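Presented below is the structure to which this report refers.
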Amino acid sequence: MENWFFETTEAGKTVLGARAAMKDAGAKFPMWFYMAPGNR
3 MENWFFETTE
13 AGKTVLGARA
23 AMKDAGAKFP
33 MWFYMAPGNR
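The opening residue of the sequence shown carries number 3 in the working numbering; numbering runs sequentially from there.
Right, dumping it as structure tokens:
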């Protein structure tokens with residue numbers, strides 16, 4: 003289910019994109035890291 007959500011749906015892709023943008027912008031670790039499972 004997790005793979006399907008993050009790899010197939012637009013919602014999952016949006017969450018991962020937001021997570022990456024927050025990380026790149028210098029947001030504190032807990033703010034972006036826990037948006038998705040740690041192996042993402």
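Cβ coordinates follow ideal geometry from the N, Cα and C atoms, glycine included.
Here the structure is a predicted model, which means the values were calculated and not measured.
Consult DSSP for residue i and reduce its assignment to one of helix, strand or coil.
| i | result |
| --- | --- |
| N41 | coil |
Going by DSSP, what residue range makes up the alpha helix (DSSP H) through residue i?
| i | result |
| --- | --- |
| A20 | 12–26 |
| M3 | Here M3 belongs to no alpha helix (DSSP H), and DSSP marks it neither H nor E. |
Considering only their Cβ atoms, is the gap separating residue j from residue i smaller than 8 angstroms?
| i | j | result |
| --- | --- | --- |
| W34 | R21 | yes |
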